[in-house]
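As given, the protein sequences belong to chains W and C, one line each in that order.
Here my numbering is used: the first residue of the first sequence is 18, the next is one more, and so on.
Here my numbering is used: the first residue of the second sequence is 6, the next is one more, and so on.
Glycine is no exception: its CB is placed at the ideal position from the N, C-alpha and C atoms.
Note that the structure is predicted; figures quoted are calculated from it, not measured.
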Amino acid sequence: MTVTESEQLAYVAAKAADARVNVELETDDGMTLNIGPQHPATHGTLRIVAKLDGEQVLWVEPIMGYMHRGYEKLVEVRTYPQITTLVNRIDWLAASCNEVPFILAAEQLMGVEAPLRAQYLRTIFHEMGRIAHLTMFLGDMGVQIGALTPMFYAMRDREFVLNQTESVSGGRFHPNFNRIGGLKDDIPKGWLDETIRIMRKMEAFCDQMEELLLGNEIFEQRTRGIGIIPAEIAQQYGLTGANLRASGVDWDLRRDVDSPMAWKHADFDVITHTDGDCYARTWVRLQETREACKIVTQLCEDLPAGPIMAKVPRIIKVPAGEAYVATENPLGEMGYYVVSQGDLGPFRVKIRTASFHNISIVPWVLRGVYVPDIISILGSLYFILGDIDR
Amino acid sequence: MGLVESGKLPKPLTQLLNTSRKYSLWMYQWGLACCAIEMAAAMAGPRFDIMRLGVIPLPASPRQSDLLCVSGTVTDKMVPAVRRLWEQMPDPKYVISMGSCANCGGPYWDSYSVTKGVDQVIPVDVYVPGCPPRPEALLEGVVLLQERIQNEDMADKWRGDPIVVS
């Protein structure tokens with residue numbers, strides 16, 4: 018390092034000026050409590066400033082941007098295959114779910130459709146990403162409430178799913194396996210049987226979690242009736258995914274939108290719950306893990322033979338046009354609005370991520386709750402900071 | 006540790022102190038992005054289990070920790086907090102930079118908001134490359150750091166070159 022200490026400190030001071038937020042510590046009417054940006058309950062780097070009256074929250078303000086990496090600007094200077102690598106890291110727990118909508122948008126502009134086998138495999142990886150994602154949630158939800166044991170179970174069983182992804186793509190959770198027009202490779206021999214076996218294991222994990230976590234009396238007391246979001250409010254704030262379904266709205270892009278993916282060939286239920294509280298959100302996600310296992314098993318059993326790559330030119334140029342494609346991510350609706358002008362890379366991409374809209378309800382839902390409930394509610398709303406800030 | 010720093014301690018005693026230091030590293034985990042999940046797998050996952058190396062994760066505060074593991078993308082908005090928490094750690098302290106983003110910016114090398122390497126603000130002892138590195142790579146980084154601590158003469162701690170896990 019050739020930087021002197023005074024230069025370092027000047028750099029840090031300049032950056033601190035950027036990070037300052039106009040929240041003053043006031044003690045006359047209530048107390049200001051700052052949670053984050055480095056706090057285990059904030060899933061990384063969300064910062065929450067709460068104004069308290071005793072144990073009760075008067076108002077909160079979520080402060081984002083600690084994980085802003087400038088995705089929408091970066092994709093303007095990348096080509097389409099390079100962007101696939103980049104968008105893997107938006108929602109890092111379920112990377113293939115981030116690739117799929119972008120690839121579908123580019124394919125829609127090019128007028129290409131992936132072969133049926135590639136569609137099936139894409140859906141399998143999408144659902145396996147969902148399983149890995151929601152497994153992590155179930156472990157993490159326990160940690161938020163104070164139960165450390167579910168985390169060890171979740172970490173143990175998550176490895177099996179990651180191993181399957183790795184044996185196909187070489188990446189544990191950034192597979193980068195989708196290409197415009199299909200997939201990079203075919204699956205290795207014996208992979209399907211192994212996957213079906215692991216899905217049975219994951220279903221057993223769900224049973225275990227249902228007894229260990231959701232059947233726990235302390236867990237129920239900490240989550241039942243806490244952070245209730247009515248259906249109208251959820252729709253007004255633009256909530257999607259399990260948060261919306263836990264409020265009783267039957268809405269799932271996998272079933273409702275006719276995308277070139279294999280969900281229409283699988284038989285699965287859309288899980289809803291009427292309560293809209295923290296328990297309902299956790300319960301819905303647990304049942305969705307089960308449904309995802311069901312989808313993967315069905316698709317592995319009916320996987321058609323055939324090519325995995327459609328005919329696309331070697332150098333991909335996407336014709337001019339605009340397309341918006343959204344799919345159902347583990348967190349909710351994830352969509353890309355791609356504007357192309359016929360170049361190697363897009364002109365502009367707007368990324369619609371689920372977490373950003375999901376945490377917009379935080380000031381509403383946290384008003385009037387008690388301080389320990391902040392953690393339950395944030396944990397059950399479930400956001401990924403990379404997904405919020407991009 | 007003042008005696009060690011001045012070099013007045015007999016060598017066997019230095020070795021003994023270094024051995025006890027290297028097997029009780031309290032690791033303050035700074036999980037920022039994707040690497041945080043791999044770090045969590047190394048910490049909480051039964052398959053990797055970083056505790057068998059004598060690294061104790063999840064201290065209550067940086068003031069109780071010896072080792073800072075910066076894992077993930079450090080943005081310019083985050084840098085002051087990283088620096089402040091590093092300053093709160095008591096000496097002797099060590100830093101592991103985990104993942105390409107913390108090493109050099111990684112895939113965001115041309116982004117306007119990402120700090121191109123955490124070593125611009127804090128001195129780094131071990132670089133663990135990968136995007137994200139496997140948990141095993143983090144474990145190897147810890148093992149290499151322990152080797153360094155074992156042979157360390159406190160007087161030239163800050164003159165050492167950083168280790169890169171291959």
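| query | Taking Cβ-Cβ distances shorter than 7 Å, what residues in chain C pair up with LYS201/W? | reply | Locating residue 201/W in the first sequence gives position 184, where the first residue counts as 1. Residues of chain C passing the Cβ test: none, with the nearest at roughly 17 Å.
| query | How is ILE154/C classed by DSSP in three states: helix, strand or coil? | reply | Sequence index remark: in the second sequence, residue 154/C carries index 149 (1-based). Helix.
| task | Report the neighbours of ALA142/C on chain W: residues whose CB is nearer than 8 Å to its CB, in chain order. | result | Position 137 of the second sequence holds residue 142/C. Those do not exist, as ALA142/C stays about 11 Å from chain W at its closest Cβ, beyond 8 Å.
| query | In three-state DSSP terms, what is VAL75/C? | reply | The residue given as residue 75/C occupies position 70 in the second sequence. Three-state result, VAL75/C: strand.
| said: Can you give me the C-alpha to C-alpha distance between ILE204/W and PRO118/W, rounded to a whole angstrom? | reply: Looking up residue 204/W in the first sequence gives position 187. Looking up residue 118/W in the first sequence gives position 101. Spanning the two alpha carbons is a distance of roughly 21 Å.
| query | So is SER70/C buried or exposed if we call it buried at 16+ other beta carbons inside 10 Å? | reply | One-based indexing of the second sequence puts residue 70/C at position 65. SER70/C should be labelled buried.
| Measuring CA to CA, which of ILE333/W, ASN346/W, LEU348/W is closest to PRO363/W? | The residue given as residue 363/W occupies position 346 in the first sequence. Checked all of ILE333/W, ASN346/W, LEU348/W; the closest Cα to PRO363/W is ILE333/W.
| query | Do the region 130-144 of chain W and the region 395-407 of chain W touch if we need at least three Cβ pairs shorter than 8 Å? | reply | no
| Contact list for the region 290-316 of chain W against chain C, Cβ threshold 8 Å | none
| Per-residue burial, GLU249/W [other beta carbons within 10 Å of its own, 16 or more giving buried] | For the purposes of this step, residue 249/W is identified with residue 232 of the first sequence, where counting begins at 1. Exposed.
| field | 7 Å Cβ cut-off: residues of chain W touching ALA3/C | value | In the structure displayed, chain C extends from 6 to 171; residue 3/C sits before or after that span and is not available.
| said: Using beta carbons (cut-off 8 Å, strictly below), is PHE236/W in contact with chain C? | reply: The residue labelled residue 236/W in the question sits at position 219 within the first sequence. Not an interface residue.
| request: Find the residues of chain W that neighbour TYR132/C, judging by a C-beta separation of less than 8 Å, and give them in chain order. | output: For this step, residue 132/C is matched to residue 127 along the second sequence. Per Cβ cutoff of 8 Å: no residues; TYR132/C is ~13 Å from chain W at best.
| Based on the DSSP secondary-structure assignment, which residues constitute the bridge partners of ILE101/C? | The sequence position of residue 101/C within the second sequence is 96, counting from 1. Paired residues: CYS74/C, VAL131/C.
| said: Any beta carbon from chain W within less than 8 Å of THR78/C's own beta carbon? | reply: On the second sequence, position 73 is the one that residue 78/C refers to. So yes, THR78/C belongs to the interface.
| query | What span of residues does the alpha helix (DSSP H) with GLY69/W cover, start to end? | reply | Looking up residue 69/W in the first sequence gives position 52. First, the residue type needs correcting, since residue 69/W is Leu and not Gly in the sequence shown. That residue, LEU69/W, is in no alpha helix (DSSP H); its beta strand (DSSP E) goes 64-70.
| message | Looking at the secondary structure, which residues open and close the alpha helix (DSSP H) in which ALA5/W lies? | response | Because chain W here runs from 18 to 407, residue 5/W falls outside it and cannot be looked at.
| said: Assuming contact is defined by CB atoms lying nearer than 8 Å, are LEU121/W and SER276/W in contact in what I supplied? | reply: The residue labelled residue 121/W in the question sits at position 104 within the first sequence. The residue labelled residue 276/W in the question sits at position 259 within the first sequence. Yes, the Cβ-Cβ distance between LEU121/W and SER276/W is below 8 Å.
| query | When the Cα atoms are used, what is the spatial distance from ARG307/W to GLU145/C? | reply | In the first sequence, counting from the first residue as 1, residue 307/W sits at position 290. In the second sequence, counting from the first residue as 1, residue 145/C sits at position 140. About 36 Å.
| Comparing the C-beta of ASP115/C with each C-beta of chain W, is any distance below 8 Å? | Here the question's residue 115/C lines up with position 110 in the second sequence. Closer than 8 Å: yes.
| Buried or exposed (CB count within 10 angstroms, at least 16 for buried), SER116/C | Residue 116/C sits at position 111 when you count from the first residue of the second sequence. Classification for SER116/C: buried.
| task | Could you run through the region 108-133 of chain W and flag, in chain order, every residue whose CB is less than 8 Å away from some CB of chain C? | result | TRP109, LEU110
| query | Just how far apart, CA to CA, sit ALA131/W and LYS328/W? | reply | Indexing the first sequence from 1 puts residue 131/W at position 114. Indexing the first sequence from 1 puts residue 328/W at position 311. Using only the alpha carbons, I get a separation of about 9 Å.
| said: Using the three-state DSSP reduction, which class does MET326/W fall into: helix, strand or coil? | reply: For the purposes of this step, residue 326/W is taken as residue 309 along the first sequence, with counting starting at 1. Strand.
| THR49/W: first and last residue of the uninterrupted beta strand (DSSP E) it sits in | In the first sequence, counting from the first residue as 1, residue 49/W sits at position 32. 48-52 is the span of the beta strand (DSSP E), which, as asked, contains THR49/W.
| message | Taking 8 Å as the threshold (beta carbon to beta carbon), is ASP404/W in contact with chain C? | response | By 1-based counting over the first sequence, the position of residue 404/W is 387. ASP404/W does not count as touching chain C.
| query | Given TRP109/W, which residues of its chain have a CB within under 8 Å of its CB, disregarding the five upstream and five downstream residues? | reply | Start at 1 with the first residue of the first sequence, and residue 109/W comes out as number 92. If we look at TRP109/W and ignore the five residues flanking it on each side, its Cβ neighbours are PHE190, HIS191, ILE401, GLY403.
| query | Looking only at its own chain, which residues have a Cβ that is under 7 Å from the Cβ of ILE215/W, when we skip the five neighbours before and after it? | reply | Translated into the one-based positions of the first sequence, residue 215/W becomes position 198. Within the same chain, ILE215/W has close Cβ partners PHE177, VAL178, GLN181.
| message | If contact is defined by three or more beta carbon pairs under 8 Å, each pair taking one atom from either stretch, is the region 88-107 of chain C in contact with the region 127-145 of chain C? | response | yes
| Counting contacts by CB-CB distance shorter than 8 Å, is SER118/C in contact with chain W? | In the second sequence, the residue the question calls residue 118/C occupies position 113. Output row for SER118/C: interface = yes.
| said: So, for PHE222/W: in the same chain, excluding its five sequence neighbours on each side, which residues have a beta-carbon less than 6 Å away from its beta-carbon? | reply: The residue you call residue 222/W lines up with position 205 of the first sequence. Cβ neighbours of PHE222/W beyond the five flanking positions: ASP174.
| field | Those residues which DSSP pairs with GLN34/C across a bridge | value | Your numbering for residue 34/C matches position 29 in the second sequence. Paired residues: CYS74/C.
| message | Please confirm whether PRO62/C has its beta-carbon closer than 8 Å to some beta-carbon of chain W. | response | Taking the first residue of the second sequence as position 1, residue 62/C is located at position 57. Chain W contact via Cβ: absent.
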